[in-house]
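Asks: Supplied in structure tokens, the structure appears directly below.
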Amino acid sequence: MDEHSATENGVDGGVEHGDGKALRRGWTTGTCATAAARAACGALMSGAFPDPVTVTLPGGQTPAFALAWTDRGDGWAAAGVVKDAGDDPDVTHGALIRARVSRAEPGQGVVFRAGEGVGTVTRPGLPVPVGEPAINPVPRAMIRRAVEEAAALAGEAPDIVVEVSVENGEALARRTMNPRLGILGGLSILGTTGIVVPYSCAAWIASIQRGVDVARAAGLGHVAACTGDTSEKAVAARYGLPEHALLDMGDFAGGTLKYLRRNPIPRLTLCGGFAKFGKLARGLLDLHSKRGSVDLDWLADRMAELGAAPDRVAEARNANTAAQLLTIAKAAGLPLADRVAALAQRTALDVLDGAPVAVEVLVTDRQGNIVGASGWSAPQSPHSPNPR
Numbered sequence: 001m002d003e004h005s006a007t008e009n010g011v012d013g014g015v016e017h018g019d020g021k022a023l024r025r026g027w028t029t030g031t032c033a034t035a036a037a038r039a040a041c042g043a044l045m046s047g048a049f050p051d052p053v054t055v056t057l058p059g060g061q062t063p064a065f066a067l068a069w070t071d072r073g074d075g076w077a078a079a080g081v082v083k084d085a086g087d088d089p090d091v092t093h094g095a096l097i098r099a100r101v102s103r104a105e106p107g108q109g110v111v112f113r114a115g116e117g118v119g120t121v122t123r124p125g126l127p128v129p130v131g132e133p134a135i136n137p138v139p140r141a142m143i144r145r146a147v148e149e150a151a152a153l154a155g156e157a158p159d160i161v162v163e164v165s166v167e168n169g170e171a172l173a174r175r176t177m178n179p180r181l182g183i184l185g186g187l188s189i190l191g192t193t194g195i196v197v198p199y200s201c202a203a204w205i206a207s208i209q210r211g212v213d214v215a216r217a218a219g220l221g222h223v224a225a226c227t228g229d230t231s232e233k234a235v236a237a238r239y240g241l242p243e244h245a246l247l248d249m250g251d252f253a254g255g256t257l258k259y260l261r262r263n264p265i266p267r268l269t270l271c272g273g274f275a276k277f278g279k280l281a282r283g284l285l286d287l288h289s290k291r292g293s294v295d296l297d298w299l300a301d302r303m304a305e306l307g308a309a310p311d312r313v314a315e316a317r318n319a320n321t322a323a324q325l326l327t328i329a330k331a332a333g334l335p336l337a338d339r340v341a342a343l344a345q346r347t348a349l350d351v352l353d354g355a356p357v358a359v360e361v362l363v364t365d366r367q368g369n370i371v372g373a374s375g376w377s378a379p380q381s382p383h384s385p386n387p388r
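Per full-length UniProt numbering, the sequence shown starts with residue 1, numbered consecutively.
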């Protein structure tokens with residue numbers, strides 16, 4: 001992680017968007033909760049809220065945050081920090097992250113509680129146990145360190161109850177994967193570095209990984225990784241899988257497959273649209289349009305391999321979209337979507353590299369109809385060539 005100048009207004013520079021503009025980094029919910037807890041501890045132990053309040057990140061950076069809200073009463077104090085996610089399209093950007101602290105029983109150390117808008121873990125497989133507040137290990141360590149620092153300055157033992165809350169957190173959580181992962185009642189308090197890198201999609205990839213972890217902990221033998229809502233509905237209707245067996249893969253086929261290589265589940269269905277899986281069939285693992293466009297010439301060549309007449313191949317090469325090209329193939333009676341599914345399956349098996357995961361690929365059209373399928377393929381031994 002690069003070092004940058006840090007203030008309560010975010011971390012500047014260092015990241016570029018597609019247009020070359022430098023993007024502003026921001027702060028994780030874990031960092032904001034740590035700042036709020038540190039300020040509240042200061043008020044509880046010394047009678048004054050430090051404002052701005054400085055915290056130490058895992059990488060050693062020491063940003064300072066202005067307090068947006070404070071409150072105190074007999075035996076407790078609370079503070080709040082508004083989350084600034086920088087230029088990242090983060091669902092929690094602008095949310096008020098609050099921490100209320102009170103004294104715990106002697107010898108208990110730091111005790112975590114879920115306040116309003118912070119979820120509780122209800123399924124095994126996540127980084128914190130069932131029944132615990134959804135405050136991840138790194139934010140817990142950051143908050144614990146902040147409490148210990150405040151206690152040391154006041155000459156007190158760090159026996160403190162920290163209750164973290166997020167304003168409107170329960171509503172915001174419905175826009176995340178938390179309900180599917182079994183985190184109920186609100187958001188998770190997240191972060192590994194304390195810093196949000198714009199458009200890194202780290203949170204999405206982490207959600208995929210936690211989805212695999214939850215499925216494995218539940219003993220599921222079959223999961224489906226889908227590129228979007230349309231393909232997810234198609235595979236759910238086909239198999240009747242429970243919600244926690246559905247992985248919102250999005251464009252991150254490579255990240256999903258690599259994590260399953262290390263953390264296998266016996267059966268994997270990959271389900272996605274014809275255009276995106278046309279990229280996977282070519283060996284692309286990031287299916288976002290900015291990482292690679294649909295290659296209509298490549299798809300037309302596959303039509304030729306299936307016996308398409310030269311005029312049909314020429315028509316396909318001149319198609320405006322992958323959907324139009326698929327229509328041309330269908331009109332010619334060619335199983336092009338099946339061929340794309342089979343080649344996408346080959347890519348997936350290459351990435352899985354012999355992991356004990358049987359793979360099936362389903363291809364959908366824009367209406368959510370399954371128009372192509374590979375059939376199931378058992379995993380092969382490591383490093384053995386997949387059939388072409």
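Ideal placement from N, C-alpha and C gives every residue a C-beta, glycine not left out.
When DSSP labels each residue in this structure, what does G273 get in the three-state scheme?
Replies: The answer is strand: DSSP assigns G273 an E or B state.
Asks: I believe R123 touches A217 by the beta-carbon criterion, under 8 Å. Please report the beta-carbon distance rounded to the nearest angstrom.
Replies: Between A217 and R123 the Cβ distance is about 7 Å, and since that is below 8 Å, they are a contact.
Asks: Excluding the 5 residues flanking G221 on each side, which residues of the same chain have their C-beta closer than 8 Å to its C-beta?
Replies: For G221, where only same-chain residues beyond five positions count, the Cβ hits under 8 Å are I265, P266, R267.
Asks: Contact defined as beta carbons within less than 8 Å: I believe L362 pairs with V235. What is the distance between those atoms, to the nearest angstrom?
Replies: Contact holds; Cβ gap of about 6 Å.
Asks: Just the C-alpha distance for N320 and L287, rounded to the nearest angstrom, thanks.
Replies: If I take the Cα positions, the gap works out to 19 Å.
Asks: I'd like to know if the region 301-312 and the region 331-345 are in contact, where contact means that at least 3 CB-CB pairs between them fall below 8 Å.
Replies: Because the criterion of three Cβ pairs below 8 Å is met, the region 301-312 and the region 331-345 touch.
Asks: Measuring alpha carbon to alpha carbon, tell me which of N263, G240, S231, P242 ends up nearest M249.
Replies: Ranking N263, G240, S231, P242 by Cα distance to M249 puts S231 first.
Asks: Compute the beta-carbon to beta-carbon distance between A344 and F277, rounded to the nearest angstrom, for a pair I have assumed lies under 8 Å.
Replies: At roughly 5 Å, the Cβ-Cβ gap stays under 8 Å, so A344 and F277 are in contact.
Asks: In chain order, what residues of the same chain have a beta carbon less than 6 Å from the beta carbon of W376, not counting five sequence neighbours either side?
Replies: Contacts found: A358, E360.
Asks: Alpha carbon to alpha carbon, how far is R175 from C201? Give it in angstroms, no decimals.
Replies: The straight-line gap from Cα to Cα measures roughly 15 Å.
Asks: Helix, strand or coil: which one does DSSP assign to P374?
Replies: A small fix is needed here, since residue 374 is Ser in this sequence, not Pro. Note: S374 maps to coil in three-state DSSP.
Asks: Can the beta-carbon of S260 be found less than 8 Å from the beta-carbon of L352?
Replies: The question names Ser, but residue 260 is Leu in the sequence shown. Going by C-beta atoms, L260 is nearer than 8 Å to L352.
Asks: Span of the alpha helix (DSSP H) holding A329?
Replies: Segment 322-331, the alpha helix (DSSP H) holding A329.
Asks: At what residues does the alpha helix (DSSP H) containing A348 begin and finish?
Replies: That run of the alpha helix (DSSP H) goes 336-352.
Asks: For R113, which option in I97, L241, D87, I135 has the closest C-alpha, if you only look at C-alpha atoms?
Replies: That would be I135, whose Cα lies nearest to the Cα of R113.
Asks: Just verifying my parser: in three-state terms, what is the DSSP assignment at A293?
Replies: Residue 293 is actually Ser in this sequence, not Ala. It is coil, neither helix nor strand.
Asks: For V340, which of R317, C271, A331, G42 has the nearest alpha-carbon?
Replies: Among R317, C271, A331, G42, the Cα nearest to that of V340 is on C271.
Asks: Threshold first: 3 residues or longer. Then list the beta strand (DSSP E) segments lying entirely within the region 66-100, N to C.
Replies: DSSP runs (the beta strand (DSSP E)) wholly in the region 66-100: 69-73, 76-82.
Asks: Can you check whether the CB of A154 is closer than 8 Å to the CB of M45?
Replies: Yes, they are a contact pair.
Asks: Pairing CB atoms from the region 159-176 with CB atoms from the region 89-107, are three or more of them under 8 Å?
Replies: Cβ pair count under 8 Å is three or more, so yes.
Asks: Within 10 angstroms of the Cβ of A314, are there 16 or more other Cβ atoms? Answer buried if so, exposed if not.
Replies: A314 is exposed by the Cβ-count criterion.
Asks: Counting only runs that start and end within the region 213-242, where is the beta strand (DSSP E) found for 3 or more residues in a row?
Replies: If we require 3 residues or more, the beta strand (DSSP E) runs fully inside the region 213-242 come out as 222-226.
Asks: Please list the terminal residues of the continuous beta strand (DSSP E) segment that includes A114.
Replies: Counting along the chain, the beta strand (DSSP E) containing A114 begins and ends at 110-114.
Asks: For G254, which residues in the same chain have their Cβ closer than 8 Å to its Cβ, ignoring the five residues on either side in sequence?
Replies: Cβ within range, chain order: L285, D286, V351.
Asks: What's the gap between the Cα of L126 and the Cα of A215?
Replies: The straight-line gap from Cα to Cα measures roughly 10 Å.
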